[in-house]
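Protein chains in written order, with the numbering used here: chain A, 1 to 267; chain B, 268 to 681.
First comes the structure, then the notes that go with it.
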C-alpha cells in the first residue's frame with residue numbers, strides 16, 4: 001500500500017471520529033444557547049414598569065406641591081427597585097425626608113382591619129428616623145468641611161418629620177400597558193385616624209403606546225377627566241402617553257387609604 | 268525560506284487565525300449577557316448611587332467610601348464575613364456604570380477578560396496557542412446562564428473578578444519562578460493578589476489545591492528544560508498556603524464566634540448523606556445542559572426564525588468545533604505531550620470538584636437543592652470543566668495518533 005493511501009486513511013479515520021464527537025455535542029450546544037438567550041430575554045420583565053415609573057417622574061408638575069423634607073407613605077415603595085427616595089430625588093430633584101411602606105409604620109393587623117384607625121404617622125416617622133443606624137464617619141471630616149451632612153441625622157436632630165408634610169403616594173399597574181400614580185396629602189384626626197385629604201388627591205395614568213387610550217382610569221369610581229394626552233418621547237421601545245391629573249377629584253373629604261380602589265372607566 | 272520554516276510560518280498564521288475565530292465565538296455566545304437587564308442582587312445594588320445621593324446630598328468618593336465602609340462593617344460585625352474587596356469593587360462599579368447599558372458592557376467585558384486570562388495561563392503551561400484557543404471555544408460551548416443566582420449576569424462581576432485574581436496569582440508565580448533573581452516586590456504582589464481573591468469571595472479559598480497543583484505541575488514540566496527558582500517556589504507555596512490558613516482560622520475561629528447574629532445561611536457544618544447529595548447536585552450544575560435539565564428536552568427548532576441570532580451563534584460554534592478538529596492536524600510549536608495534558612487535567616479536575624463543597628456545608632440548602640439548580644460557585648466549575656475537556660481531547664488525540672502510527676508501521680512491514 002502506498003504511503004499516500006495510508007495517510008489518507010489516517011486522516012479520514014480521525015475526521016470520522018472527531019466529527020462524530022462534534023455531533024454528540026451539537027444538540028447540547030443548541031439547547032444551551034437557546035436557553036441562555038431565553039433567560040436573558042426574561043430578565044427584561046420589569047422594563048415596562050421601570051419605563052412607566054420614569055415617565056411619571058418626568059411630570060414634575062404632578063409633584064409641584066411636594067417639597068424637600070416631605071415624606072411619602074407609599075405601598076409601592078421598594079428600595080431594592082427604582083421606587084425609592086433615591087431615584088425620586090435623582091429624577092425630580094425633590095429630596096424627600098423618608099419614603100416608607102405603610103407596613104413599615106403600622107401593624108399588619110391594623111392595616112388588614114379597615115375598622116382599625118391608623119395611628120398618628122408623624123411621630124412614627126420621626127421615631128423611624130431617630131432609630132436608623134447612625135453612620136460612622138470613616139474619614140477625617142475636618143479635611144472635608146463642605147461635605148454635606150447625613151440627611152437622616154439632619155432630620156433626627158431637627159425633628160423635621162414632625163412639621164413637614166406627609167403624602168400618600170402609590171404607583172400601580174392596572175391593566176395592559178397602563179399604570180396609575182396617585183398622590184394625596186395625609187392628615188390625622190383622633191376620630192378618623194390617618195386619612196388622605198380627598199381635596200388634594202390627584203391621579204395620573206400612564207399609557208404605553210400599545211395600550212388602549214379610549215378607556216380612562218377611575219379612582220373610587222370617579223373617572224379621570226378626558227383631557228389632552230401628552231405624548232412623551234421615550235428611549236424604550238414603547239413611547240408613553242399621559243392623561244392629565246385632576247385635583248378635587250372626589251366628593252368625600254377624607255379617605256381611608258386602605259379602601260382606595262382603582263381601575264378603568266368609560267369616558 | 269526553507270520548507271520547515273514555511274510550514275511553521277503557515278502554522279503560526281493559522282494558529283493566530285484560529286485564536287481570532289475562538290475569541291469571536293466567545294463574543295457571540297456572550298451576547299445574552301450584553302442583552303440582559305438587571306438580575307438578582309444587581310437590582311438593589313444598582314440603587315446605591317441614588318440612595319447615597321439622597322442620603323449624603325451628592326455623589327462623591329467620600330460618600331462612596333462611607334457606603335463601602337459601612338456595609339463592610341455590618342457584614343463583618345454581623346456575619347463574621349470579610350469580603351471587603353468585593354464591596355469596593357461592587358460599589359465602585361455601580362457608581363461608575365449607573366447607566367444599565369454601560370453596566371452590561373462592563374459585565375460582558377469582565378466575563379470575556381476572565382476567559383482570556385485563563386487562556387493565557389493555559390498558553391503559559393502548554394506553550395500552545397492552539398490549546399489556548401481550544402479552551403476558549405470549549406468554554407463558549409459549556410457556559411450556561413442560570414435563572415437563579417447567575418454569576419455571569421449578576422453580582423457586579425464578582426465571580427469573574429475572583430477568577431481573574433486566581434489566574435493572575437498563577438501567572439505571576441510562573442513569571443516569578445522563571446527569574447534567577449526575582450524581585451521581592453513580585454513575590455509580595457502574588458500574595459497580595461491571592462489575598463484579594465480571598466477577600467473577593469470565599470469560593471477562592473477552595474481553589475487553593477488547584478492553584479498549588481498547577482504551580483507544582485509547572486515546576487515538574489519545566490525544571491529539566493527551563494531554570495526554575497526552587498527557593499522562590501517554596502516561598503510562594505508557603506505564602507499562599509499560610510495566608511489561606513491564617514484567614515480561614517481568623518474567620519472561623521475569631522470573627523464568626525464574635526459576630527452579632529450569624530444568619531442560618533452562613534452556618535457551616537457537614538453531615539452524611541445530606542452534604543454528599545448536595546455536593547453532587549451542585550457539581551452536576553456545571554455540566555452542559557444541566558440548567559433546567561435541558562439536556563433531556565428536545566429542541567423546538569420551529570420556535571426560532573432562521574435568521575435568529577442564536578442560530579448564527581450555534582452555526583458559528585459548530586464551524587469552530589469542526590475547525591478545531593481540522594486544525595489539530597497542523598501542529599504549532601508546542602510541547603503537546605501526555606505530561607502537560609495530565610497537569611492540565613489535574614488542575615481542571617480540582618477546580619471542577621472544589622466549588623460544590625461550600626453549598627454542601629450549608630444546611631439551609633440541603634433540602635432546597637435539586638438536580639438542575641445551582642449557586643454562584645458553578646462559575647468555577649465551568650472553567651474546570653472546559654480545562655478537563657481540552658485535556659481529555661488532547662489525550663484522545665494523542666492516543667489516536669499513536670494508534671495510527673502503530674498501524675502505519677504494521678502496514679509498512681507487510
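For each residue, glycine too, the CB sits at the ideal point set by N, CA and C.
Legend entry - Per DSSP, the bridge partner or partners of residue 187 of chain A: Residue 187 of chain A is bridged to A:195.
Legend entry - Residues near residue 523 of chain B by beta carbon distance below 7 Å, same chain, minus five either side: 347 and 529.
Legend entry - Burial state of residue 494 of chain B, where buried means 16 or more other Cβ atoms lie within 10 Å: By the neighbour-count rule (16 or more Cβ atoms within 10 Å), residue 494 of chain B is not buried but exposed.
Legend entry - Closer than 7 Å to chain B by CB, residue 63 of chain A: Taking 7 Å as the threshold, the shortest C-beta distance from residue 63 of chain A to chain B does not fall below it.
Inset, instruction - Could you tell me whether the Cβ atoms of residue 351 of chain B and residue 466 of chain B are closer together than 7 Å? - result: Contact annotation: residue 351 of chain B and residue 466 of chain B have beta-carbon atoms nearer than 7 Å.
Legend entry - Sequence-distant residues of its chain with Cβ nearer than 6 Å to residue 303 of chain B (five each side left out): Exclusion of the five residues before and after residue 303 of chain B leaves 420 as the residues of its chain whose Cβ lies within less than 6 Å of its Cβ.
Legend entry - Uninterrupted alpha helix (DSSP H) stretches inside the segment 346–403 of chain B (no shorter than 4 residues): Listed in chain order, they are 351–363 and 367–393.
Legend entry - Three-state secondary structure (DSSP) of residue 269 of chain A: Absent from the model: residue 269 of chain A. The displayed extent of chain A is 1 to 267, so no value can be given.
Inset, instruction - Could you confirm whether any beta carbon from chain A is found closer than 7 Å to the beta carbon of residue 310 of chain B? - result: Answer yes: the Cβ-Cβ gap between residue 310 of chain B and chain A drops below 7 Å somewhere.
Inset, instruction - Would you identify the three-state DSSP class for residue 555 of chain B, choosing helix, strand or coil? - result: Residue state, collapsed to three classes: coil.
Inset, instruction - For residue 530 of chain B, decide whether its Cβ has a neighbour in chain A, counting only Cβ atoms nearer than 7 Å. - result: Taking 7 Å as the CB threshold, residue 530 of chain B stays off the interface with chain A.
Inset, instruction - Hey, could you find the ends of the beta strand (DSSP E) residue 218 of chain A is sitting in? - result: For residue 218 of chain A, the enclosing beta strand (DSSP E) has its first and last residue at 215–219.
Legend entry - residue 661 of chain B beta carbon near the ligand NAD (any heavy atom closer than 6 Å): In terms of ligand content, the structure shown is empty, and the ligand NAD therefore cannot be addressed.
Inset, instruction - Less than 8 Å between the CB atoms is what I'm expecting for residue 186 of chain A and residue 73 of chain A, so what's the real figure, rounded? - result: With a beta-carbon spacing of about 6 Å, residue 186 of chain A and residue 73 of chain A fall inside the 8 Å limit used to define contacts.
Inset, instruction - Round the Cβ separation of residue 482 of chain B and residue 504 of chain B to the nearest angstrom and send it over; I've been treating them as touching at under 8 Å. - result: In this structure, residue 482 of chain B and residue 504 of chain B form a Cβ contact; the two beta carbons are roughly 7 Å apart against a cut-off of 8 Å.
Legend entry - Closer than 8 Å at the beta carbon, the chain A residues around residue 556 of chain B: Within chain A, the C-beta atoms nearer than 8 Å to that of residue 556 of chain B come from 28, 31 and 32, in chain order.
Inset, instruction - Per DSSP, which residues does residue 173 of chain A bridge with? Please list them. - result: Residue 173 of chain A is bridged to A:179.
Legend entry - Residues that residue 36 of chain A contacts on chain B, provided the C-beta gap is smaller than 7 Å: Residues of chain B passing the Cβ test: 299, 411 and 412.
Legend entry - 7 Å Cβ cutoff, residue 121 of chain A in contact with chain B: No, because no Cβ of chain B sits closer than 7 Å to the Cβ of residue 121 of chain A.
Legend entry - Close Cβ partners of residue 545 of chain B (< 7 Å) along its chain, the five nearest in sequence each way excluded: Only 626, 627, 632, 633 and 636 meet the Cβ criterion.
Legend entry - Residue burial classification, residue 108 of chain A (beta-carbon count within 10 angstroms, cutoff 16): In this structure residue 108 of chain A is exposed. Its beta-carbon is surrounded by fewer than 16 other beta-carbon atoms within 10 angstroms.
Inset, instruction - Answer yes or no: does any C-beta atom of chain B fall closer than 7 Å to that of residue 158 of chain A? - result: By this cut-off, residue 158 of chain A is not an interface position.
Inset, instruction - Identify whether residue 166 of chain A lies in helix, strand or coil by the three-state DSSP scheme. - result: Note: residue 166 of chain A maps to strand in three-state DSSP.
Inset, instruction - Verify whether the separation of the beta carbon atoms of residue 129 of chain A and residue 152 of chain A is less than 7 Å. - result: Contact check for residue 129 of chain A against residue 152 of chain A passes: the beta carbons are separated by less than 7 Å.
Legend entry - residue 33 of chain A classed as buried or exposed, judged by whether at least 16 other C-beta atoms fall within 10 angstroms: Buried, by the Cβ-count rule.
Inset, instruction - Using only alpha-carbon positions, find the residue among B:468, B:417, B:427 and B:478 that is nearest to residue 441 of chain B. - result: Comparing Cα positions, the closest option is B:478.
Inset, instruction - Mind reading off the beta-carbon distance from residue 125 of chain A to residue 96 of chain A? Whole number of angstroms is fine, and I expect it under 8 Å. - result: In this structure residue 125 of chain A does not touch residue 96 of chain A by the C-beta definition: roughly 11 Å separates them, more than the 8 Å allowed.
Inset, instruction - Assign residue 474 of chain B to one of three DSSP states: helix, strand, or coil. - result: Under the three-state reduction of DSSP output, residue 474 of chain B falls in the helix class.
Inset, instruction - Look up residue 531 of chain B in the DSSP assignment and say whether it is helix, strand or coil. - result: If DSSP states are grouped into helix, strand and coil, residue 531 of chain B belongs with the helices.
Legend entry - Contact list for the segment 314–331 of chain B against chain A, Cβ threshold 9 Å: Here the close residues are 314, 315, 316, 317, 318, 319, 320, 321, 322, 323, 324, 325, 327, 329 and 330.
Inset, instruction - Could you tell me whether the Cβ of residue 85 of chain A comes closer than 7 Å to any Cβ of chain B? - result: Residue-level contact by beta carbon holds for residue 85 of chain A and chain B, with a gap shorter than 7 Å.
Legend entry - Contact set for residue 658 of chain B: own chain, Cβ-Cβ below 8 Å, skip 5 residues either direction: Shown here for residue 658 of chain B: same chain residues with a beta carbon closer than 8 Å to its own, the five before and five after excluded, namely 608, 609, 611, 612 and 615 in chain order.
Inset, instruction - Grab the span of the beta strand (DSSP E) containing residue 266 of chain A for me, first residue to last. - result: In this chain, the beta strand (DSSP E) harbouring residue 266 of chain A covers 262–266.
Legend entry - Reference residue 360 of chain B, options B:316, B:667 and B:329, closest by Cα: In terms of CA proximity to residue 360 of chain B, B:316 leads the group B:316, B:667 and B:329.
Inset, instruction - Determine the burial state of residue 649 of chain B: buried for a count of at least 16 other Cβ atoms within 10 Å of its Cβ, exposed for fewer. - result: So residue 649 of chain B ends up on the buried side.
Inset, instruction - Write down the C-beta distance between residue 75 of chain A and residue 170 of chain A rounded to the nearest angstrom, noting that I regard them as a contact closer than 8 Å. - result: Contact annotation, residue 75 of chain A with residue 170 of chain A: C-beta distance approximately 5 Å; criterion of less than 8 Å satisfied.
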